[in-house]
Amino acid sequence: MQKNLTTRSVIIVVTILLCVYGIIGFPTSKTELIDHVKSNIRLGLDLKGGSRLVMEVQVQDAVKGDAQQTLERLQPSSSPSSGTARTSANRSPWMTPTR
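If you're matching positions, the sequence shown starts at 1 in the numbering used here and goes up one per residue.
Have a look at this one:
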């Protein structure tokens with residue numbers, strides 16, 4: 001068990017070192033290190049701060065839609081066995097949707 005853990009740890013460390021070497025190389029000075037990092041790592045638009053998302057809600061339309069859904073849920077459905085279907089004539093006035 002210990003041998004398996006040691007092998008995995010060595011593989012992980014070697015992989016990380018190879019990735020870091022691939023990104024920044026083997027710099028000889030601090031300025032060369034900074035140049036390697038700037039040339040090999042490119043930030044996307046979201047990390048540069050260049051994206052902006054604004055969401056707006058049309059309150060009037062949202063309230064109307066919510067009221068319409070509530071009315072539809074409250075209206076009893078007509079069953080084929082009863083033989084009578086609800087029409088707009090026999091609905092109560094408060095259940096009539098307004099547009």
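Here a beta-carbon is modelled for each residue, glycine too, at the ideal position from N, C-alpha and C.
Endpoints, the alpha helix (DSSP H) within which residue i is located
i	result
Gly50	Premise fails: Gly50 is in no alpha helix (DSSP H) and is neither H nor E.
Val20	Gln2 to Ile24
Ser39	Lys30 to Asn40
Val63	Val59 to Leu74
Member of the options whose CA lies at the smallest distance from the CA of residue i
i	options	result
His36	Gly44, Phe26 and Leu45	Phe26
Gln60	Gln68, Leu53 and Arg8	Gln68
Residue i and residue j closer than 7 Å at C-beta
i	j	result
Ile16	Asn40	no
Min CB distance residue i to chain D below 7 Å
i	result
Val59	Protein chains in the displayed structure number just one, and chain D is not present.
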